[in-house]
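Student:
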Amino acid sequence: MTLSDTEHYGSPSITLKGERVRSKGEKQIADFLFQKGIKYTYEDPAKTNISAFTKKISRPDFYLPEHKVYVEFWGLVDHKDQELRMKYNEQKHLKEREYQANGIRVLSIYPWNLDDLEGAFKAEYRKVMKKDLVLGPISEGMVRALPISPLLTNMLSISTIQNASSLPLSEVQVVFTPYYFIKYDCFVQEAFMYQKINLNSTGLLVIDANQGNLVDSITEEGDIPRLPRTGHFTNCVGLEQKETPRAKLSEQVTFSQIDALLAKITEEEATQIARNEIAKNLHRTHTYTTKRGVTHSHTIRASPERVRIKLAELVNIPIVTGIFAYRDKTYRRTIQAVTGKVLEDDFNYCYAPTRHFEKAVLICERCGNLACHSHGKNCNVCGLALCQQDVIQKGLIFKKYYCNQHTPP
Ligand SMILES: [Zn+2]
Ligand SMILES: [Zn+2]
Ligand SMILES: [Zn+2]
1 MTLSDTEHYG SPSITLKGER VRSKGEKQIA DFLFQKGIKY TYEDPAKTNI SAFTKKISRP
61 DFYLPEHKVY VEFWGLVDHK DQELRMKYNE QKHLKEREYQ ANGIRVLSIY PWNLDDLEGA
121 FKAEYRKVMK KDLVLGPISE GMVRALPISP LLTNMLSIST IQNASSLPLS EVQVVFTPYY
181 FIKYDCFVQE AFMYQKINLN STGLLVIDAN QGNLVDSITE EGDIPRLPRT GHFTNCVGLE
241 QKETPRAKLS EQVTFSQIDA LLAKITEEEA TQIARNEIAK NLHRTHTYTT KRGVTHSHTI
301 RASPERVRIK LAELVNIPIV TGIFAYRDKT YRRTIQAVTG KVLEDDFNYC YAPTRHFEKA
361 VLICERCGNL ACHSHGKNCN VCGLALCQQD VIQKGLIFKK YYCNQHTPP
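Counting in my numbering, the sequence shown runs from 1 upward without gaps.
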C-alpha cells in the first residue's frame with residue numbers, strides 16, 4: 001500500500017521560519033522550537049553525518065544540533081483507517097528498534113501531545129536526555145540580562161598602546177552568556193585534642209552555565225576556599241536584571257553580532273558543581289602543641305553534603321568582544337560589559353618570536369605585530385613604530401633605530 005504525503009500526514013504547512021512541512025502537527029512543533037529559541041533543522045540530511053540512517057529507515061523529522069537529539073512526530077499512530085494505522089505502527093516499531101540499535105536519541109511526540117506541547121516536550125526531553133530542558137536566554141525574542149555599561153566605548157579603546165590610533169575597531173560582538181550565581185554556606189565541626197574545632201564559610205560561587213565550570217567566587221564570611229576570586233563576575237551581584245530588547249542595547253556602540261548562549265547545565269547540576277568545588281577546596285589545618293612540645297595537627301575539611309545552597313540564580317551577562325584589525329592581523333579584547341572588567345586581551349603581550357609575557361607598548365606599523373619596550377622601537381627620523389624584525393639598528397654604544405627608508409648609509 002502506498003500513500004501520498006498528503007494522505008499520510010494531512011495538509012502541508014509553512015512554519016514561522018518559512019519551511020514547508022508535511023502537516024499541521026509538524027508546523028506546531030517547528031514553531032514551538034522556534035519560539036523557544038531551540039535551534040533545529042528539518043529533515044536535513046546535509047547537517048548530520050550519522051551513517052546509521054540506512055535506506056531502510058527514514059530520518060526523523062527534526063534535529064536539534066545544540067542538544068544532539070532528534071524529534072519525531074508520530075502523526076498517524078491513531079489514524080482512523082485501521083489498515084493504515086497498523087502499517088504505520090509496524091514501521092514505527094522498526095524505526096524505533098533501529099534508532100535504539102544505533103544509539104540515536106529521539107524525542108517522540110504524539111498527536112495528543114499537541115494540546116500541551118511544551119509540557120509534553122519537556123517531559124519527553126527529561127526521559128530521553130536524563131536531564132531538564134534548559135531554554136536559552138534569547139527565547140521569546142527577549143534577553144533577560146544585565147544592562148551593558150554605557151562606558152563600553154572607552155573600555156574598547158586601546159589606551160595602553162602608543163600608536164593605537166592606527167588600530168581601527170572593526171567589529172563589536174555581544175554574547176549574552178548565562179551564569180549561575182550560587183550562594184552557599186558550610187559548617188563543619190570536629191573534635192581535636194579535646195576541643196571542638198570549626199570550619200565555617202559563607203559566600204558565592206559563579207558557574208558558567210554554558211561551559212559548566214566555575215569562573216569566580218567570593219567569600220562573605222569565615223574560611224576562604226582556594227578558588228578563583230577575580231571579581232570578574234561576582235561584582236555583578238545586586239545589579240538589576242532587565243528585559244532588554246535586542247534592538248535597544250546601546251546607542252554608543254554598534255554591535256555586528258548579538259547572540260545568546262544556551263544554558264547547558266541545569267540548576268541542579270550547577271549546585272552540585274558548587275558543592276563539589278567547595279568540598280575540594282575548603283579546608284583548614286589546626287595545630288596543637290602539648291606541654292611536652294609535641295605538635296599535633298588535624299585538617300578539617302568540607303564535604304559536598306555539608307555545603308548548603310541558599311540561592312541559585314541564572315543571570316545572563318553580556319560579554320562584549322571588540323575586534324581590531326590592522327594589516328592582516330586581528331586583535332580581540334573581551335570585556336564583561338556590565339562592569340567593564342577585561343576578561344581576555346590580545347593586547348596584553350609582546351609578539352616577539354620568543355613569546356615572553358611582557359606588556360605590549362606599540363603596534364608595528366610595518367607588520368602589525370605587538371611589541372614590548374625592548375622589542376619595539378621608533379624610527380629616529382620619522383617616528384614610525386617598528387617591531388624587532390622591522391627595525392634597523394645602528395651604533396654600538398649609542399644605539400639608534402631606523403625604518404628601512406631612513407637608514408643612514
Ligand atoms: Zn614588524
Ligand atoms: Zn618583547
Ligand atoms: Zn623612518
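Beta carbons: idealized from backbone N, C-alpha and C, even for Gly.
Strictly closer than 5 Å from CB to any heavy atom of ligand 3: give me those residues in the order they appear in the chain.
Tutor: Residues flagged by the Cβ proximity filter: Cys379, Val381, Cys382, Leu384, Cys403, His406.
Student: Taking a contact to mean a Cβ-Cβ separation below 9 Å, would you say Gln252 touches Pro178 in this structure?
Tutor: no
Student: Go ahead and label Val294 buried or exposed: buried means 16 or more other beta carbons lie within 10 angstroms of its beta carbon, across all protein chains shown.
Tutor: exposed
Student: Is it the case that the stretch 299–309 contacts the stretch 266–280, given that we only count it when at least three CB pairs across the two stretches are under 8 Å?
Tutor: yes
Student: Got a sec: does ligand 5 put a non-hydrogen atom nearer than 8 Å to the Cβ of Cys372?
Tutor: For ligand 5, the structure offers nothing, since it holds only ligand 1, ligand 2 and ligand 3.
Student: Do you know offhand how far Phe398's Cα is from Asn378's?
Tutor: 15 Å
Student: For Lys39, which residues of its own chain have a beta-carbon under 7 Å away from its beta-carbon, when the five flanking residues on both sides are left out?
Tutor: Leu64, Pro65, Glu66
Student: Let me check understanding here. Comparing Cα to Cα, which of Asp390, Thr339, Leu370 lies closest to Met155?
Tutor: Proximity to Met155 across Asp390, Thr339, Leu370 peaks at Thr339, based on C-alpha coordinates.
Student: In chain order, which beta strand (DSSP E) runs of at least 3 residues are fully inside the stretch 299–369?
Tutor: 307–326, 329–336, 341–345
Student: From what residue to what residue does the alpha helix (DSSP H) around Ile29 run?
Tutor: 24–35
Student: For Lys36, which of Gly75, Gly119, Gln91 has the nearest alpha-carbon?
Tutor: Gly119
Student: With a Cβ-Cβ cutoff of 9 Å, do Asp346 and Leu362 count as a contact?
Tutor: no
Student: When every heavy atom of ligand 1 is checked, does at least one fall within less than 8 Å of the C-beta of Asn369?
Tutor: Under cutoff, so the answer is yes.
Student: Is Ala52 helix, strand or coil when you go by DSSP?
Tutor: Because Ala52 sits at a pLDDT of 48, beneath the cut-off of 50, its placement in the model cannot be relied upon, and the point is left open.
Student: Residues in the same chain with beta-carbon distance under 6 Å from Leu33, minus the five sequence neighbours each way, listed in chain order, please.
Tutor: Tyr40
Student: State the DSSP-derived secondary structure class of Thr219, mapped to helix, strand or coil.
Tutor: Three-state DSSP puts Thr219 in a strand.
Student: Can you determine whether any heavy atom of ligand 1 sits closer than 8 Å to the C-beta of Gln389, and answer yes or no?
Tutor: yes
Student: CA-CA distance, Glu240 and Ala123?
Tutor: Their Cα atoms are separated by approximately 32 Å.
Student: Please tell me whether, using a cut-off of 8 Å, the distance from the CB of Glu118 to the nearest non-hydrogen atom of ligand 2 is below it.
Tutor: no
Student: May I have the straight-line CA-CA distance separating Tyr288 from Ile300, to the nearest angstrom?
Tutor: The alpha-carbon atoms of Tyr288 and Ile300 are separated by roughly 14 Å.
Student: In the DSSP output, what is Arg284 paired with across the bridge?
Tutor: Ile300
Student: Where Phe176 and Ala263 are concerned, what is the direct C-alpha to C-alpha distance, given to the nearest angstrom?
Tutor: 11 Å
Student: With hydrogens ignored, establish whether the beta-carbon of Leu167 is closer than 8 Å to any heavy atom of ligand 1.
Tutor: no
Student: Which residues bound the beta strand (DSSP E) around Glu43?
Tutor: No beta strand (DSSP E) contains Glu43, which DSSP labels as neither H nor E.
Student: Ala274 by DSSP, collapsed to three states: which one?
Tutor: helix
Student: Short of 6 Å in beta carbon distance, which residues of its chain neighbour Tyr88, apart from the five on each side in sequence? Order them along the chain.
Tutor: Leu76
Student: Can you give, in chain order, each stretch of the beta strand (DSSP E) that sits fully within the stretch 151–229 and has at least 3 residues?
Tutor: Here the runs fully enclosed are 169–192, 195–208, 214–222.
Student: Check whether chain C comes within 9 Å of Asp345, counting only Cβ atoms and requiring the distance to be less than that.
Tutor: Going by chain labels, chain C is absent from the structure shown, which holds only one protein chain.
Student: Just grab the DSSP bridge partners of Ile392 for me.
Tutor: Tyr402
Student: Going by the CB atoms, is the gap between Ile148 and Gly212 shorter than 9 Å?
Tutor: no
Student: Start and end of the beta strand (DSSP E) containing Asn378?
Tutor: 376–378
Student: What did DSSP end up calling Leu386 once you bin it into helix, strand or coil?
Tutor: Three-state result, Leu386: strand.
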